[in-house]
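The listed protein sequences derive, respectively, from chains A and B. Add 57 to the 1-based position in the first sequence for our numbering, that's all there is to it. Add 587 to the 1-based position in the second sequence for our numbering, that's all there is to it. For each residue, glycine too, the CB sits at the ideal point set by N, CA and C. These numbers were taken from a predicted model, which means no experiment stands behind them.
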Amino acid sequence: MANAFTDAMLCPSRRVFLAGAGAFVAWANLPRAAYAAQGRDPRFVAVILRGAMDGLAVVPPVGDPDFPALRGDLAIGTGSYGNTLPLDGFFALNDAMPLLHKRYQAGDALIVHAVATGYRDRSHFDGQDVLESGETGPRMSKTGWLNRAAAAIPAGDRVAPVQGLAAMPTVPLILRGDAPTLTWTPPELKVAKADTATRLLDLYSEVDPEFARVLSAGLDTDALAGAMDPVKGGGGGVAAAFKSLASGAAKLLVDDGGPRLAALSYDGWDTHTDEGAGDGRLANLLGALDGALEALATTMAPVWNDTAIVVMTEFGRTARINGNEGTDHGTATTALLLGGAVKGGRVLADWPGLKDSQLFEDRDLYPSLDLRGVLKGALRDHLGIAVADLSTKVFPDSIGIKPVDGLIR
Amino acid sequence: MSSATTSFVALQRFGLGARPGDLGAIAGDPRGAVLAEIAPDAALIADAALPDTVAALTEIRQIQAARKAVKQTASADANASQMSDANAPMEDMSPAGGRPPKRTLPDGMGKPGNPLAPEIAARLDAALRAQVGFAERWAMFWANHFAVEADSNQLVRWTAGAYDREAIRPHVFGRFVDLLYAATQHPAMLRYLNNATSVGPDSKAGLRRGKGLNENHARELMELHTIGVDAGYTQADVTSFAKVLTGWTFGQNENQPEHFGRFVFNAGAHEPGPQTVLGQVYDQKGVKQGDAVLDMLAAHPATATHIATQLVRAFVADVPPPDLVAAVAGTFRDSGGDLALVARTLVGADESWLTPMEKLRLPQEYLLAAARGLGVRPKPPQLLKALATLGQPLFNPPSPEGFHDDAATWLAPDAMTNRLDIAQNFAQQADAGDDPRQVADAILGDRQSPQTRDTIAHAEGRVQGLTILLMSPEFQRR
């Protein structure tokens, strides 16, 4: 694998340039011996969904009487649009994720709702910066919370760093820091390019028609050649790409000498137009994510009981639908904990309600739960990190945010 | 024209694009910042690790000799093939041309790397270092004007970098006639345009071996390098000039180190007698005859116009404004081809700054500008591959004409999607701390359209934001 990646970087064919929209980073230098006595060897994986996932479309509050009116025809699971799978009666799961639903029923998946980081503006860059840095605001740190968490794990005999894996030029912020990282990317991940191309076409059509014509023709050619698989058209390529990243990561994680902490990211969640929660773009993305998470679970089956996966996004989307049957940048959203180590089969939420007066700034799902509390609870109980370290080093200035209890078996 | 706008034009049109901070750094005197790079040594690449022409030739000789030894060992009929092959080390590859030779060498020789990899690395360094990058752009223009094709021949491939460093760059802010001589007399050019094997039919060598003229170099010297295709020369002029140039070759015998890898005049291959070129009789003896024709071509009024047209087209507009061409050509003529003064006229003219930015950055400047803007340093093989993917492989144009520089050539559908792939790849290499909005403000300044600003601001992540920046019309046009 190392050689394949090295070769790809040295000889980046046209198609290889498509690689790397999602990145997998794993930290190998972890103390296993600290847990060896307890017979545990925990794995922790952070999955970042870049672009702001619409929590209300993924886990719709079908029991909330204000939900149908808020989302109108696009209120998924209310009878008029889309299908859902039952969770606890009040919440339901978008039926694009049947495999996750099975894990939920088996008690391995915990859904967290109305959750947000401490960031309250609506910039993707700043939002992802906060999500990954674990700071109280954007651009406050050049290191990520998962890297600092690695340093805060109780000392044991350190496992030697895995040598010889080619590093990607950059490491996502979440894993930046003093702890060494290694990176790996599957050969192709096309989702981002299709979305970027769509945005460029919109821009060009406004400011440079000649560019628009040329790019449009080029994309048509690519589509004919089967090189691109736009999110809107079917999603088979998306699913394969998501799964490929997850399977590759899981193979490393399950290995006894492999890394114990990892971060993956999936792009494409910025659904401003034609969101398609029931039958379009978002549904395809959710289906792809469902397959990817299941690939993680099945590949990591031998160590599943020692595994906790957190799936999170930088913020949510507007509670109401916008003028293009999409949603704009919002605040609170859904997160997910998955794994054999997770005490799942339930939805964790302090539901704020959906009446106009209950929305954040009269537009977004109100953030009633701080994501850092969830992460602190998981890191404390799964990796044994001291609360004092979590509140000062991993998530600085977060003493007031209590770790959520009872997330880990 | 605000100073911020002028800074942008300075960097975008005349240079290799802004690094963060550059727009402000030169805002006080944008034109002065461009003019400051017009200096005799501004375009030099002084990297002791890069081989000079002689070293490059020596290296390719050794590789060829080793390869031949392998071949001979493998062949039972080694002796038979040796006989007819006295010139083999320096001979052209098969007429079919392009196929690169296999680089398998005996143990101990090591595997020769791509000779162009350290060359692109040195040019990337120069680009990243420059305040504006005008000297680099100016040097790129002249290397393309006197184009050689790396894939035409093993020798050219191994000496193309040295050719640029030794024959082109030292002269790009000197006199045109010196540049013309240096390019014409370099082994890479003499090999590429075949003058090294052109023999006067009535010369000693011609009479003895029955060899003859090769008009290639003489024709391109007039058509491409000096007076231009419309200057009114005839086939008879080309033939006569080719005869004039017979004997212009380079030393190929390693046992004569004073000549090896250097221009030599081989009197034994020179066509004797006077020749008539463009209506004028040249009756000088030996190498002086060629010198006289080159001097005439360098000073020819058509050369001034031809070069001025190309320069204005390359830097300012696909349809060169006639007044600007006239001004640049005037300086060229009046100064006797002083290229520093020519550059000053081009940069000094307001029209050069005010003409709308409708040209498209060529791949090489696009990649270098992306590296500067994002502060990334792609690996040499990756840069070479990207250049090839985008259609401008380093020192390897499709013909002696060099790469075209008009937007129509490059604004092709596949080129745009390829740029998207590569822009995304570059964006992924950028510092994860970079905020695309700040980078865009820093390198596009107030030329950034509200729509572009908005599209970048609403990108779903850093990589996408930076990709859109690199793909924006403001970044790609100049």
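Open item on the list: When you compare the CB of residue 1049/B with every CB in chain A, is at least one pair closer than 8 Å?
Closed with: yes
TODO: Could you work out which residues of chain A lie near residue 1035/B, taking near to mean beta carbons separated by less than 7 Å?
DONE: By Cβ distance, chain A contributes nothing, its closest Cβ being about 10 Å from residue 1035/B, past 7 Å.
Open item on the list: Closest to residue 600/B by C-alpha separation, out of 632/B, 722/B, 882/B and 818/B, would be which residue?
Closed with: 722/B
Open item on the list: Suppose contacts are defined by Cβ-Cβ distances below 8 Å. Is residue 834/B in contact with residue 847/B by that definition?
Closed with: no
TODO: Using only alpha-carbon positions, find the residue among 705/B, 717/B and 773/B that is nearest to residue 735/B.
DONE: 773/B
TODO: Measure the CB-CB distance between residue 420/A and residue 175/A and report whether it falls below 8 Å.
DONE: no
Task: CA-to-CA distance, residue 135/A to residue 411/A, given in whole angstroms - done: 15 Å
Task: Contact belief for residue 391/A with residue 384/A at Cβ below 8 Å, rounded distance in angstroms - done: That pair is no contact at about 13 Å.
Open item on the list: I'd like to know if residue 290/A contacts chain B, where contact means its C-beta is closer than 8 Å to some C-beta of that chain.
Closed with: Any answer about residue 290/A is weak, because its pLDDT of 35 lies below 50 and its placement is not dependable; what the coordinates show is given next. No, residue 290/A does not count as interfacial toward chain B.
Task: Span of the beta strand (DSSP E) around residue 100/A - done: 100-106
Task: residue 221/A burial status per 10 Å Cβ neighbour count (16 or more: buried) - done: Note on residue 221/A: pLDDT 24, under 50, position unreliable in the model; no value is reported.
Task: Three-state class that DSSP yields for residue 411/A in the structure shown - done: coil
Open item on the list: 8 Å is my cut-off, CB to CB: does residue 244/A come that close to chain B?
Closed with: Annotation note: pLDDT 43 at residue 244/A (below 50); position unreliable, coordinate value reported separately. Not closer than 8 Å to any Cβ of chain B, the Cβ of residue 244/A fails to qualify, so no.
Open item on the list: Rounded to whole angstroms, what is the Cα-Cα separation between residue 730/B and residue 747/B?
Closed with: 10 Å
Task: CB contact check: residue 1024/B to chain A, cutoff 8 Å - done: yes
TODO: For chain B, find out if any of its Cβ atoms is closer than 8 Å to the Cβ of residue 332/A; answer yes or no.
DONE: no
- [ ] Helix, strand or coil for residue 907/B, going by three-state DSSP, please let me know.
- [x] coil
Open item on the list: Please report the straight-line C-alpha distance between residue 908/B and residue 596/B, rounded to a whole angstrom.
Closed with: 17 Å
TODO: Helix, strand or coil for residue 625/B, going by three-state DSSP, please let me know.
DONE: coil
- [ ] Rounded to whole angstroms, what's the CA-CA distance from residue 866/B to residue 887/B? Just pull it up for me.
- [x] 13 Å
- [ ] Could you work out which residue in 890/B, 786/B and 656/B is closest to residue 797/B when comparing CA atoms only?
- [x] 786/B
Open item on the list: Since residue 435/A and residue 393/A should fall inside the 8 Å C-beta cutoff, what is the C-beta to C-beta distance between them, to a whole number of angstroms?
Closed with: About 11 Å; that fails the 8 Å criterion.
Task: Minimum Cβ-Cβ distance from residue 992/B to chain A less than 8 Å - done: no
Task: CB of residue 643/B within 8 Å of CB of residue 745/B, strictly - done: yes
TODO: Look at the Cβ atom of residue 144/A, then the Cβ atom of residue 404/A, and state whether they are nearer than 8 Å.
DONE: yes
Task: Euclidean distance between Cα positions of residue 1050/B and residue 316/A - done: 25 Å
Open item on the list: Tell me the residue span of the alpha helix (DSSP H) that contains residue 976/B.
Closed with: 967-976
Task: is_contact[residue 980/B, chain A] using C-beta, thresh 8 Å - done: no
Task: Per-residue DSSP class, three states only, for residue 772/B - done: coil
TODO: Report yes or no: do the segment 748-756 of chain B and the segment 789-807 of chain B share at least 3 C-beta pairs separated by less than 8 Å?
DONE: no
TODO: Report the residue from 274/A, 163/A and 114/A whose alpha carbon sits nearest the alpha carbon of residue 141/A.
DONE: 114/A
Open item on the list: With a threshold of 8 Å, are at least 3 pairs of Cβ atoms found where one atom belongs to the segment 352-368 of chain A and the other to the segment 396-403 of chain A?
Closed with: yes
TODO: Count the CB pairs spanning the segment 105-120 of chain A and the segment 322-331 of chain A that are closer than 8 Å, and state whether there are at least three.
DONE: yes
Open item on the list: Taking 7 Å as the limit between beta carbons, can you name the residues of its chain near residue 532/A, skipping five residues before and five after?
Closed with: This structure cannot speak to residue 532/A, because chain A is shown only from 58 to 466.
Open item on the list: Below 7 Å on C-beta distance, what does residue 551/B contact in chain A?
Closed with: As displayed, chain B neither begins before 588 nor continues past 1065, which places residue 551/B out of reach and without an answer.
Task: Cα-Cα separation, residue 784/B to residue 854/B - done: 13 Å
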